[in-house]
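Numbered according to the working numbering, the sequence shown terminates at residue 481, and the numbering increases by one at each position without gaps.
Backbone N, C-alpha and C fix where the C-beta goes; we use that ideal spot for every residue, glycine too.
Single-structure report; data block below.
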Amino acid sequence: MSDIKIYQGNQIGGCVTVISTRVGNEIHRIMIDFGSSLPGSGNTEDFQYPWEDEPVDAVFFTHYHGDHVGRLMDIPRDIPLYMGKTARQVMINIQEALTRSREGGEEHKKVLEVLRDDTRVRTFNLIEKKYYDHVKDIPGFVIEPYSVDHSAYDAYMFLIEADDPNYENGKRVILHTGDFRGHGRLGKAMLHVIKSFVHRNGRKVNALITEGTMMSRMDEEVITETAMMYEAAKYLKEHKYAFLICSSTNLDSLASFYQAAQMAAFPFRRYLYTYNDYYCAQLKTFSDTAGSFSAVYQFENVYRLGLDDELSSPKWDKTKTQKEVMEKAGFLAIIKPEEWCEKFLDPFIDDYRMKKIDQMPVIIYSMWDGYILEYLTDKKGKKKENEAKKQEWIDFLNKQEEKGVKIKHLHTSGHASPQMLAEVIKAVAPTDEIYPMHTEHPEMFEQLDIGEYTRKVRVQ
Ligand SMILES: [Zn+2]
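Structural data, given as structure tokens:
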């Protein structure tokens, strides 16, 4: 007998899946993701997993976002952790930066120790091996990780075969999608993976566990990464001095903006500047990994913004200050929407006012708008408190607008549109059940255009 348990499934973020099966007299379990609830989920305290009573053999991480890995340190020390190889490096980069730059550095050193522990962390390395790994060292299970497209690089879905005599060939086949989308550069590949790998040799999927984030964000516009890149290129052509607010781990969007800047400056290059060394480290990791497979992911001219008033000179040109180089060639510069980052904008605003340059700098905001909305409106059009809002960001952006800086909103979601969800459900063709997770509105799965599969949806 096998069993599927989903904890905190009816919220966006912090969903934990535990799959168990019996081997002889023993029960074996795997856990997928162990992250924290997001602010605004209404859940202030995460559930306590009964590690003693229902021990798990291993924890698998779909990707490195905090709502999937955030409770890593609560996992008992003897449990192995499975994750993507690059995902691990991205997490190491984050923790290294946190040990350097913040109070609580000791805590982050402990996380680093765990992440660097080769006896405990096991990585999928499908790209180098050019085929997909199968994890076979957990009794009663075979787990196959497959890449999916998400706003995190090196994200996975898992195909799990759990021993169960009640199913064909004695195996219950479960597909756990993790977070995914169809509109990133590799989005549509998921449908091919389902066809060629998931259904290999006529294998059928019995249960599908799928994310449904966008079921509560139906009105959010979903554009493809490529469409966003072209829109950014058009905008950057008109605006030579552009600041960017974008997640340091959203490789696909970072590539969209970097490439857009190159298109805008063609036949010249436009340099990318970042506000700290941590950001440069992430971009280097991405160039070394994804960049070795596709030139789209190569970030070649990246410099850290100087911290002094004149924006110090990068090594390559001693005769000019960094600001002079930036003013002459134009730039794309990544900042954080926090007050201290004003020092990067103000010199350009001042120069514009003194007519030393002919354009005012602009800011491209490429994060979820939910962080900067004062209020949310519910389905009935009623205003409600926005618990996810970041007041510091709102204040920062308002202040820049008051100075005359234009804010351009250009963002695309990391999650599957309802259309993509329906396509995936129909492609997977689960024989028994569909379990929605990572959604506030599991009941809305019944409104998807999925025909006969509607009655297989299990709302918890
Ligand atoms: Zn995610």
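So what does DSSP say about residue i, is it helix, strand or coil?
i, result
"S168", "strand"
"C36", "coil"
"H89", "helix"
"E66", "coil"
"T306", "helix"
"D184", "strand"
"A409", "coil"
"R137", "helix"
"A437", "coil"
"T83", "coil"
"T234", "helix"
"L229", "strand"
"K26", "strand"
"R193", "strand"
"I415", "helix"
"V77", "coil"
"F201", "coil"
"G125", "coil"
"T342", "coil"
"K377", "coil"
"K404", "strand"
"Y177", "strand"
Quick one: give me the first and last residue of the beta strand (DSSP E) that residue i is part of.
i, result
"K357", "No beta strand (DSSP E) contains K357, which DSSP labels as neither H nor E."
"P457", "454 to 458"
"F145", "142 to 145"
"V383", "383 to 387"
"F264", "262 to 267"
"R50", "47 to 53"
"R325", "323 to 325"
"H430", "427 to 430"
"L394", "First-last for L394: undefined, no H or E at that position."
"M94", "Unbroken run through M94: none, as it is neither H nor E."
"M104", "102 to 105"
"L328", "No beta strand (DSSP E) contains L328, which DSSP labels as neither H nor E."
Once the 5 residues before and after residue i are set aside, which same chain residues still bring their CB inside 8 Å of it?
i, result
"T245", "H204, G205, G208, T433"
"K404", "Y396, L397, T398"
"Q110", "T306, T310"
"F68", "Y28, Q29, V37"
"S308", "Y318, Q319, F320, E321"
"E47", "P160"
Looking at ligand 1, does it come within less than 7 Å of residue i, judged from the CB to the closest heavy atom?
i, result
"H171", "yes"
"G435", "yes"
"H432", "no"
"D273", "no"
"D379", "no"
"H89", "yes"
"D371", "no"
"H86", "yes"
"D200", "yes"
Below 8 Å on the Cβ atoms is my contact criterion, and I expect residue i with residue j to pass it. Report the Cβ-Cβ distance as a whole number of Å.
i, j, result
"S23", "I51", "Not a contact, Cβ separation roughly 11 Å."
"A409", "Y392", "6 Å"
"A354", "L265", "7 Å"
"V169", "G191", "That belief does not hold up - the Cβ atoms of V169 and G191 are roughly 28 Å apart, past 8 Å."
"V163", "Y103", "The pair is not a contact, with the Cβ atoms about 13 Å apart (cut-off 8 Å)."
"S269", "Y318", "Contact doesn't hold; Cβ gap of about 14 Å is too wide."
"M178", "L196", "7 Å"
"K106", "F81", "Wrong, their Cβ atoms sit about 14 Å apart, outside the cutoff."
Looking only at its chain, what residues have a beta carbon closer than 7 Å to the beta carbon of residue i, apart from the 5 residues adjacent to it on each side?
i, result
"Y188", "N227"
"P101", "A79, R141, R143"
"V77", "V39, R50, I51, M52, I100"
"Y296", "L326, I355, I356, K357, C362, F365"
"M465", "M236"
"K424", "I370"
"A282", "L257, R291, L293, L353"
"G351", "K261, Y262, A286, R291"
Tell me where the alpha helix (DSSP H) around residue i begins and ends.
i, result
"Y256", "246 to 259"
"D273", "272 to 286"
"H213", "210 to 214"
"R374", "363 to 374"
Once you ignore the five residues that flank residue i on each side, which residues in its own chain have a CB closer than 6 Å to its CB?
i, result
"K258", "A285"
"E454", "A228, K477, R479"
"H493", "With the chain represented from 22 up to 481, any question about residue 493 goes unanswered, as that position is not in the structure."
"H462", "M236, S237"
"D372", "I378"
"H430", "Y386"
"Y474", "I446"
"T231", "T198"
Kindly indicate if chain D contains any beta-carbon less than 8 Å away from that of residue i.
i, result
"E66", "Protein chain content of the structure displayed is limited to a single chain, and chain D is not contained in it."
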